[in-house]
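Take the sequence shown: its letter number 8 is residue 219 in this note's numbering, and every next letter is one higher. Just so you know, even glycine gets a beta-carbon here, dropped at the ideal spot from N, CA and C. Here is the structure we will look at, set down as structure tokens.
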Amino acid sequence: MGKRVGIIGLDTSHSVAFAQLFNEPDAPAALGGFKVVAAFPEGSRAITSVIKNIPANIKKLEGLGITMVESIERLLAVCDVVLLETNDGNMHLEQALPVIDARKPLFIDKPLACSATDAEAIFAAASRHAVPVFSSSALRFVRGMEEIRKGNYGKVLGAETFSPCYLEPSHPDLYWYGIHGVEMLYAIMGTGCSKLTRMHTRDTDMIMGEWADGRLGGFRGTRSGPADFGGTVFTEKGNIPAGKFEGYQLLVAAIARFFETGISPVGQAETIEICRFIDAAEESKRNGGAVVVL
Numbered sequence: 212m213g214k215r216v217g218i219i220g221l222d223t224s225h226s227v228a229f230a231q232l233f234n235e236p237d238a239p240a241a242l243g244g245f246k247v248v249a250a251f252p253e254g255s256r257a258i259t260s261v262i263k264n265i266p267a268n269i270k271k272l273e274g275l276g277i278t279m280v281e282s283i284e285r286l287l288a289v290c291d292v293v294l295l296e297t298n299d300g301n302m303h304l305e306q307a308l309p310v311i312d313a314r315k316p317l318f319i320d321k322p323l324a325c326s327a328t329d330a331e332a333i334f335a336a337a338s339r340h341a342v343p344v345f346s347s348s349a350l351r352f353v354r355g356m357e358e359i360r361k362g363n364y365g366k367v368l369g370a371e372t373f374s375p376c377y378l379e380p381s382h383p384d385l386y387w388y389g390i391h392g393v394e395m396l397y398a399i400m401g402t403g404c405s406k407l408t409r410m411h412t413r414d415t416d417m418i419m420g421e422w423a424d425g426r427l428g429g430f431r432g433t434r435s436g437p438a439d440f441g442g443t444v445f446t447e448k449g450n451i452p453a454g455k456f457e458g459y460q461l462l463v464a465a466i467a468r469f470f471e472t473g474i475s476p477v478g479q480a481e482t483i484e485i486c487r488f489i490d491a492a493e494e495s496k497r498n499g500g501a502v503v504v505l
């Protein structure tokens with residue numbers, strides 16, 4: 212496989228951060244020699260708060276020697292793999308389909324989409340064309356998470372995670388920023404949430420899910436106080452911190468391994484269930500905290 216990376220969407224700081232890591236002159240071997248060579252700048256067409264980031268991000272990427280192109284089609288002609296970084300999850304299905312049609316391995320930054328329906332459509336197209344697709348928040352790859360998932364602390368009995376949960380009117384609430392804490396919860400608990408309930412106030416969201424095996428997992432989303440990420444994991448061998456966000460290096464290394472192998476570190480079923488969890492949380496909010504079955 213070639214080593215040329217293309218980026219779609221420059222309305223997010225992730226585009227710059229990921230390109231800087233891949234294109235460092237002394238980039239670590241874990242990044243596989245992949246280099247960002249081109250970018251299609253268009254991101255959200257509707258969210259003013261992120262559209263304003265595009266001109267400055269264009270300059271930053273051009274400063275790294277990255278070429279700007281005028282369309283996704285032109286991008287696909289000059290790259291081997293793609294980072295879909297557009298901040299607006301409503302656009303991800305539209306932007307992912309031409310990449311999948313071109314049979315280019317694709318990483319889609321959080322959120323994969325803004326509904327489980329769109330998420331399923333992306334993966335269905337990927338399956339038809341046998342194209343590897345991977346989506347995740349960086350919070351799945353906090354230091355120490357791998358040891359939890361491997362069972363180094365015994366069985367996970369439950370977990371509580373927290374992250375900022377700022378809201379954006381164009382997105383169902385948790386897709387915009389709460390996705391980080393939800394992704395961390397799933398990284399710990401795995402699939403199998405059967406039902407949930409949500410409490411919502413101006414400053415805080417609390418979602419409690421029950422897994423099919425009786426375990427409980429909770430997410431606290433905050434809109435006041437420190438903008439922090441973390442949680443507690445309840446295991447057979449004791450209660451341990453869920454890990455802290457320390458940057459994008461571990462996620463970008465996981466993306467490089469995915470591009471090299473074509474194997475996603477996150478199963479399709481888990482990514483789709485995260486979207487169903489968020490959809491169910493939105494339904495619970497609409498119904499005053501009612502229990503919703505996934």
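- DSSP places Val503 within a strand segment (E or B) once states are collapsed to three.
- In the structure shown, Asn450 falls within a strand segment according to DSSP collapsed to helix, strand and coil.
- Per DSSP, Ser326 is not a residue of any beta strand (DSSP E), being assigned neither H nor E.
- Here the alpha carbons of Lys246 and Asn498 stand approximately 47 Å from one another.
- Between Ala349 and Phe456, the gap from beta carbon to beta carbon is short of 8 Å.
- Within 10 angstroms of the beta-carbon of Glu273 lie fewer than 16 other beta-carbons, which makes it exposed.
- DSSP places Thr412 outside both helix and strand once states are collapsed to three, so it counts as coil.
- Each of Ala250, Ala267, Glu394 was checked against the Cα of Ile283, and the nearest Cα belongs to Ala250.
- By the neighbour-count criterion, in which a residue is buried when 16 or more other Cβ atoms sit within 10 angstroms of its Cβ, Glu358 is exposed.
- A direct Cα-to-Cα measurement between Pro383 and Glu493 gives close to 7 Å.
- Residue Lys406 holds the alpha-carbon nearest to the alpha-carbon of Ala423 among Lys406, Gly473, Ile333, Gly389.
- Per DSSP, the beta bridge partners of Met417 are Met410, Arg431.
- Glu371 has Gly429, Thr443 as its beta-bridge partners, per DSSP.
- Per DSSP, the beta-bridge partners of Cys404 are Trp422.
- For a cut-off of 8 Å, the C-beta gap from Tyr364 to Gly449 is around 7 Å, short enough to register as a contact.
- Cβ contact annotation for His225 (same chain, cutoff 7 Å, sequence separation greater than five): Glu296, Asp320, in chain order.
- DSSP places Ala240 in no beta strand (DSSP E); its state is neither H nor E.
- Our two residues, Phe233 and Gly425, have alpha carbons roughly 42 Å apart in a direct line.
- Secondary structure at Ser346: strand, using DSSP grouped into helix, strand and coil.
- Leu294 is bridged by DSSP to Ile218, Phe318.
- The continuous alpha helix (DSSP H) containing Pro309 extends over residues 303-312.
- The closest CA to that of Ile399, considering only Pro380, Gly369, Ala465, Arg409, is found on Gly369.
- With respect to the 8 Å criterion, Met279 and Ile269 are classified as neighbours on the basis of their beta carbons.
- The alpha carbon of Cys376 has as its nearest neighbour, out of Pro476, Phe440, Val344, the alpha carbon of Phe440.
- Assignment of Thr278 by DSSP, reduced to helix, strand and coil, places it in the strand class.
- Taken through DSSP and simplified to helix, strand or coil, Ala341 comes out as coil.
- About 6 Å separates the beta carbon of Ile258 from that of Ser381, a gap short enough to meet the 8 Å contact definition.
- Buried is the label assigned to Asp329, since at least 16 other Cβ atoms lie within 10 Å of its Cβ.
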